[in-house]
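To start, the structure itself, in structure tokens.
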Amino acid sequence: MELGDWAERFELLGDPTRLGLLAHMHQAGPGVATVSDLAAATGITRNAASQALRILRDRGWVTAVRDPEDGRVVRYSLADDTVHRILHLMGARHH
């Protein structure tokens with residue numbers, strides 16, 4: 001991986017809001033966490049969570065999938081294996 005790629009990763013991880021969202025998605029497991037869940041877990045507004053999630057989706061770190069049973073609900077998952085491994089190195093655990 002190029003130094004620029006690593007610098008971008010650390011820039012994204014350096015934001016407490018984004019890092020908190022990633023950690024809570026990791027703990028919840030794939031396809032579980034909603035914007036409301038993540039906002040509540042990190043103590044931020046749904047709007048702030050949505051904005052941070054948009055950045056993480058644009059970078060390919062997070063995926064968003066509509067719930068098949070309730071199409072209004074979107075569930076988020078980690079999509080980047082390197083970020084997953086970094087979270088484990090930081091002590092994050094799965095539920």
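Read left to right, the sequence shown gives residues 1 to 95 (full-length UniProt numbering). Even glycine gets a Cβ: it sits at the ideal position worked out from N, Cα and C.
If contacts are defined as beta-carbon pairs under 8 Å, then residue i and residue j qualify, I think. What distance do you get, rounded to the angstrom?
| i | j | result |
| --- | --- | --- |
| residue 24 | residue 78 | Contact flag wrong, Cβ pair sits at about 10 Å. |
| residue 39 | residue 28 | Incorrect: roughly 13 Å between the Cβ atoms, too far for contact. |
| residue 102 | residue 74 | In this structure the chain extends from 1 to 95, so residue 102 is not present and cannot be described. |
| residue 87 | residue 22 | 6 Å |
| residue 92 | residue 76 | Incorrect: roughly 15 Å between the Cβ atoms, too far for contact. |
Using the Cα positions of residue i and residue j, report the straight-line distance between them to the nearest angstrom.
| i | j | result |
| --- | --- | --- |
| residue 85 | residue 72 | 31 Å |
| residue 11 | residue 55 | 12 Å |
| residue 62 | residue 44 | 18 Å |
| residue 66 | residue 53 | 15 Å |
| residue 14 | residue 89 | 15 Å |
| residue 37 | residue 19 | 15 Å |
| residue 5 | residue 51 | 22 Å |
| residue 46 | residue 80 | 23 Å |
| residue 82 | residue 69 | 31 Å |
| residue 2 | residue 8 | 10 Å |
| residue 94 | residue 60 | 21 Å |
Where in the UniProt domain "HTH arsR-type" (1-95) do unbroken runs of the alpha helix (DSSP H), each at least 4 residues long, occur, reported from the N-terminal end onward?
-> Those alpha helix (DSSP H) runs which fall completely within the UniProt domain "HTH arsR-type" (1-95) and span 4+ residues are 3-13, 16-28, 35-42, 46-58 and 81-89.
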